[in-house]
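Here's the structure, in structure tokens; my notes come after.
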Amino acid sequence: MDTKKTKEKTLPDIQDITICDSTGQMIEKARKDGVELCFDRSATMKACPIGADSACCKHCAMGPCRLNAKDPYAKVGVCGATIDTIQARNFGRMIAAGAAAHTDHGMAMLDLFREVVNGKITDYTIKDPIKLNEVAASIGIETEEKTTEEVAHALYEELERTYTQVEGEVPFAKRVPPKTLETWRKLDIVPRGAMREIMEMMHRTHMGVDQHYENIMKQGNRTALSDGWGGSMVATEISDILFGTPVPVAAEVNMGVLKENQVNIIIHGHEPNLFESMMASVNSPALTQAAKDAGAEGLNLVGMCCSGAEMLSRHGIPHAGNFTSTEAIMVTGAVDAMAVDVQCIQQGLSKVADCYGTYLFTTNPRCHIENTEHIEFHEDDPSSCTDEVVIKAISRFKSRKYPVQIPNIRNTGIHGFSYEYINYMLGGTFRGSYTPLNDNIINGRIRGVAGVVGCTNPRVKQDWVHVELVKELIRNDVLVLQTGCSQIALAKEGLCSPEAAYLAGPGLSEVCEAVGMPPVLGMGSCVDNSRILIAASEMVKVGGLGESIAELPVAGAAPEWMSEKAISIGQYFVASGVYTVFGVTFPVTQNTRFHDLLFNGLEKQGLGKWGFTPDPYEMAQKMIAHIDAKRKALGIHK
Ligand code: XCC
Ligand code: SF4
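Numbering (my numbering), first residue to last: 1046 to 1683.
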């Protein structure tokens, strides 16, 4: 192995790094092989304490300026910027970057949709015309007596405004409960178009522009909302229209989904089009035959991270692991190819892939990696990329040089829930008007709903915070909705299976057992957090639980977050009215006016608020206390 040997002495015990057995086994093997993973790098790279408190600014060359988080008002930057200005600007830019990632993803889906509708791209079609009509109708497009094509054209025209509109409100503002929307209008934070909001956020945070933390956060809210009710929601809805709306499907997760005697191909990243086309390639008779000719029993396509979570939810494709397992999985020696597109692709993958002879390919023009082969994916000719990935994977299988060691762990669960399906499951009609979710909340069997989402982060024990938090929530009759890497953490622990109902409190377990549903409902990828927004606004619409999202007995958490996207998601939940608790660390100095704005002030404006604790039990307590307070305010008692 040609990677630099890491000093084992300085490395933490594996049981302190992860509760994922497969990942633990691979960390152990990597150490023997002398291969460095993100866990090792995080042990040797101490987090910068000034950056962690967001007490530094490098927005101009009079600086960079460092303030002292312990005495935050003692100093100002060379330009005179205070701690509140500096950290509000930093936070605003994190939101802008996260929102940009989701909206660019959504825009890529919309570009694809346009070309499919125009007939220029023929490898994809509209798979769910019912969803097409529903989405169109939800934003006021007349669908009666129109052909699918006509509705699709009209929907494209309308949704393009999500990005490009310079005045007015984004189309999906029409889905926001009226009282919530009224609060946004009063605060002047209804997003116009995502491009405009992100641009304005970047402008305002330039040196010498917006120097009032409250005004900066006003734009922070508007930018984040252009993600949640804009870019992300478009990504989810268009993906459902093109590739099918998820319905519950049984699927396997964990590294044991790799198969020693098959050609293993992993797709990692975020945009579903690459994965959809990979499915076509691995099912092609010619390539299947080629794999057999190379001595393999077949082609095994599996997902990781959000690409994987989306395919797991939509098609039941096996999922091999979440974010911090993406390097570790190559240590199995069994990964013949990994193709990545955008977001959460660690540069470290390239070196680990080299160590085990795995073919790593970048495929998206937005994401190249030094020393990594780029095979560009084009939707008008998808198979020229995806077939080549398969061919290269087969060639690697044929000449596998490294011993294969696959952790023999697989967990089965049910994934692919949507708000519509939750009601259907509880005895309502699919896409109908009888909505038992609210009834069960009002009668107290379900105490409230929590969205537990987000990344894993090598700074904390992988999966542990997610799992402990969710166990605590369901034990207290809180129904948990999940997306992204968090969903995979719980799936690996078996909580996405109906058999896990016994872990729930008496009310929730009664509901789960009656309908055979798991206490933890997986909804897909990070952009699919927009499904949770839709669930919340439908809960308001149905009635009995208040008039705005802020009144609902709901809470959100990202217990092991790491990305700027997570900050944007957190902020759009807060701006939508949800109490949102983050773990790991919070990038703001305590005891400052800006901190107080995020943790108290926004709620006083009629929005939600932030919370923080790295401890899962305390996190659960905070969320449950909030849910109970909302129940009390609604006059519904447990
Ligand atoms: Fe990335 Fe989306 Fe986070 Fe996972 S959860 S580490 S952002 S892949 Ni969405
Ligand atoms: Fe320092 Fe102000 Fe420049 Fe930031 S903008 S680096 S605080 S002088």
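Ideal placement from N, C-alpha and C gives every residue a C-beta, glycine not left out.
Reduced DSSP secondary structure (H/G/I, E/B, other) of residue i
i	result
Tyr1169	coil
Phe1684	For residue 1684 there is no data in the structure shown, the boundaries of the chain being 1046 and 1683.
Cys1083	helix
Met1046	Only weak support is given to the placement of Met1046: the predicted model assigns it a pLDDT of 48, under 50, and the value that follows is read from those uncertain coordinates. Met1046 falls in the coil class under three-state DSSP.
Thr1431	helix
Arg1111	strand
Thr1457	strand
Val1560	helix
Met1090	coil
Gly1680	coil
Val1497	strand
His1313	strand
Val1512	helix
Val1523	strand
Asn1273	A small fix is needed here, since residue 1273 is Gly in this sequence, not Asn. Residue state, collapsed to three classes: helix.
Gly1529	helix
Glu1053	Low confidence applies here, because Glu1053 scores a pLDDT of 48, under 50, leaving its location unreliable; read the following figure in that light. Looking at Glu1053 - three-state DSSP - the assignment turns out to be helix.
Cys1065	coil
Leu1471	coil
Ala1379	coil
Val1161	helix
Met1252	coil
Val1180	helix
Glu1195	helix
Cys1101	strand
Val1587	helix
Ala1144	helix
Gln1507	strand
Gly1348	strand
Ala1295	strand
Val1308	strand
Ala1119	coil
Ala1384	strand
Gly1353	helix
Val1215	coil
Residues of its chain near residue i, where Cβ-Cβ distance is below 7 Å and the 5 sequence neighbours each way are ignored
i	result
Val1123	Met1107, Gly1108, Cys1110
Met1664	Leu1514, Ala1602, Pro1604, Val1626, Gly1628, Thr1658
Ser1277	His1147, Gly1151, Val1572, Asn1574, Ser1575
Asp1061	Lys1506
Met1562	Met1470, Pro1543
Glu1592	Pro1222, Lys1224, Val1585
Glu1372	Leu1082, Cys1083, Gln1391, Gly1393, Leu1394, Val1397
Own chain partners of residue i with C-beta closer than 6 Å, once the 5 adjacent residues on each side are dropped
i	result
Thr1051	Caution is warranted here: a pLDDT of 47 is assigned to Thr1051, below 50, making its placement in the model unreliable, and the coordinate value is therefore given only provisionally. Around Thr1051: Glu1081, Asp1085.
Val1121	Thr1127
Tyr1169	Val1161, Leu1287
Ala1438	Val1308, Ile1310, Asp1381, Ala1382
Ile1681	Ile1487
Asp1432	Ser1326
Leu1643	Trp1655
Glu1558	Ala1546
Asp1685	Within the shown structure, residues of the chain are numbered from 1046 to 1683, placing residue 1685 beyond reach of any answer.
Asn1135	Ser1099
Cys1102	Gly1108, Cys1110, Gly1122, Ile1131
heavy atom of ligand 3 below 6 Å from residue i C-beta
i	result
Phe1462	As far as ligands go, the structure on display features ligand 1 and ligand 2 and does not contain ligand 3.
Sequence-distant residues of its chain with Cβ nearer than 8 Å to residue i (five each side left out)
i	result
Asp1116	none
Ala1340	The question names Ala, yet the displayed sequence has Gly at residue 1340. Here the set comprises Phe1442, Lys1443.
Pro1564	Ile1519, Leu1524, Val1525, Leu1540, Ala1545, Ala1546, Leu1548, Ala1549, Leu1553, Ser1554, Cys1557
*At least three beta-carbon pairs within less than 8 Å, the segment 1607 to 1618 to the segment 1239 to 1250*: no
_If we require 3 or more residues per run, which beta strand (DSSP E) segments fall completely within the segment 1589 to 1674?_
1599 to 1603, 1624 to 1627, 1655 to 1657
*asked:* So, does the segment 1499 to 1517 touch the segment 1577 to 1594, judging by three or more C-beta pairs under 8 Å?
replied: no
*What does the shell around ligand 2 hold, if a residue joins when its beta-carbon is under 5 Å from any heavy atom?*
Cys1102, His1104, Cys1105, Met1107, Gly1108, Cys1110, Gly1122, Val1123, Cys1124, Ala1126, Met1252
*List in chain order: all unbroken alpha helix (DSSP H) runs of 4+ residues lying wholly within the segment 1317 to 1346.*
1317 to 1327, 1330 to 1338
*What residue ranges within the segment 1388 to 1446 form continuous beta strand (DSSP E) runs of no fewer than 3 residues, ordered along the chain?*
1404 to 1407
*asked:* If contact is defined by three or more beta carbon pairs under 8 Å, each pair taking one atom from either stretch, is the segment 1277 to 1290 in contact with the segment 1634 to 1644?
replied: no
*Determine, using beta-carbon pairs with one atom in the segment 1064 to 1082 and one in the segment 1366 to 1379, whether at least three such pairs fall under 8 Å.*
yes
_Stretch-stretch touch, CB-based, cutoff 8 Å, three pairs: the segment 1259 to 1270 with the segment 1324 to 1334_ = no
_Is it the case that the segment 1292 to 1306 contacts the segment 1165 to 1181, given that we only count it when at least three CB pairs across the two stretches are under 8 Å?_
no
*Give a yes or no on contact between the segment 1449 to 1468 and the segment 1534 to 1547, applying the rule of three or more CB pairs nearer than 8 Å.*
yes
*Let me know the alpha helix (DSSP H) ranges lying completely inside the segment 1540 to 1584, each 4 residues or longer, listed in chain order.*
1551 to 1560
*Flag this pair as touching only if the segment 1349 to 1360 and the segment 1522 to 1530 have three or more C-beta atom pairs under 8 Å; answer yes or no.*
yes
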